[in-house]
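The next block holds one structure in the form of structure tokens; read it before the comments.
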Amino acid sequence: MPSLTNTDIDRFRERLSKRREELRWLIHDALIASKRQDYIELAGSVHDAGEESVAELLVDMSLTKLDREVDELRDVEAALTRIANEVYGRCVSCGDDIDRERLDAYPTAKRCLTCQTKYETDKRGGRDATPSL
Ligand SMILES: [Zn+2]
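So the sequence shown is residues 321 to 453, counted in my numbering.
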């Protein structure tokens, strides 16, 4: 992570952890509010997950109302994993550093702007190949 200092990384980790906590509570409360037994059981796992990813548990359920939160949680968890693996701030496609400004605006960014733009164009073109849930 050449362009980010340890202090930067700590700051991003803190910011992302805080957001993960917020999202987990939000999802937890919504699951409880559903009054469905299976969702309520799931709520316990969401709350007690610690460093484990819970977004994967949730994507298989059709929690339409929570789609946005689950998507964001997945991004936040992935970003925290990249911090743990010491690859945070590096584009997953080309390996270049992601602009600092971009990370400040989108701490979960995993691609540089060039690759992200290309990725989104490709995704639109190849929608049939990669069904998105
Ligand atoms: Zn790139």
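The C-beta atom is built at its ideal place from N, Cα and C for all residues, glycine as well.
- For a cut-off of 8 Å, the C-beta gap from Val396 to Thr428 is around 6 Å, short enough to register as a contact.
- At least one heavy atom of ligand 1 lies closer than 8 Å to the C-beta of Arg431.
- For Ala425 against Lys385, the beta-carbon gap comes to about 27 Å, at or over 8 Å, which does not count as contact.
- Of the candidates Gly370, Glu371, Asp391 and Glu372, Asp391 places its Cα closest to the Cα of Val379.
- When secondary structure is reduced to three states using DSSP, Asp442 falls in the helix class.
- Of the candidates Val412, Asp416, Ala399 and Glu361, the residue whose Cα lies closest to the Cα of Asp330 is Ala399.
- Boundaries cannot be given for Ala369, as no alpha helix (DSSP H) includes it and DSSP labels it neither H nor E.
- For Asp417, DSSP records a beta bridge to Arg410.
- Shown here, Cys435 sits in a helix according to DSSP, grouped into three states.
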